[in-house]
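Worksheet: the structure to be examined is printed underneath.
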Amino acid sequence: MVSERGTYLDADDTTVSVTQTLLDAQAPSHDDADAHEDGRAVLREAVQVTSHGRVVSCAVHERPVSIHGESTLARAAAAALAAHVDAEDEVEEKEDKRRSR
28 MVSERGTYLD ADDTTVSVTQ TLLDAQAPSH DDADAHEDGR AVLREAVQVT SHGRVVSCAV
88 HERPVSIHGE STLARAAAAA LAAHVDAEDE VEEKEDKRRS R
């Protein structure tokens, strides 16, 4: 399990906290031993937005990710990096919507 936390501030005293956790996923049992899938995990992202010390919104997203490579740490880092980019995009979209109002 790998966790990463990022906090982003803006001029309106709004804080966006993103916590990402990579969890090992167990493949379902099959009668055929060849059916076991390796390199599967679940990425859990929690995004919390606070303004002036109050929680404005909080969301948790889970999605399956495929991780392959020689090092478990390298696989986890690659998945966390991809999720971080996705989380930043989501924050930017929310900020754009808020500004357009």
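Residue numbers (my numbering): 28 to 128. Think of the CB as a built atom: it goes at the ideal place given N, C-alpha and C, for glycine as much as any other residue.
Classification of residue i by the beta-carbon crowding that lies within 10 angstroms, buried from 16 upward
i           : result
residue 86  : exposed
residue 112 : exposed
residue 50  : exposed
residue 76  : buried
For residue j and residue i, the rounded distance between their alpha carbons
i           : j           : result
residue 106 : residue 46  : 13 Å
residue 71  : residue 110 : 9 Å
residue 124 : residue 114 : 15 Å
residue 81  : residue 42  : 10 Å
residue 40  : residue 88  : 25 Å
residue 128 : residue 79  : 20 Å
residue 91  : residue 44  : 22 Å
residue 108 : residue 126 : 27 Å
residue 69  : residue 48  : 8 Å
Reduced DSSP secondary structure (H/G/I, E/B, other) of residue i
i           : result
residue 116 : helix
residue 111 : helix
residue 71  : strand
residue 128 : coil
residue 51  : strand
Supposed close pair residue i, residue j - CB separation, criterion 8 Å
i          : j           : result
residue 74 : residue 120 : About 12 Å separates the two Cβ atoms, so there is no contact after all.
Cβ shell of residue i (< 7 Å), same chain only, five flanking positions each side left out
i          : result
residue 83 : 76 and 77
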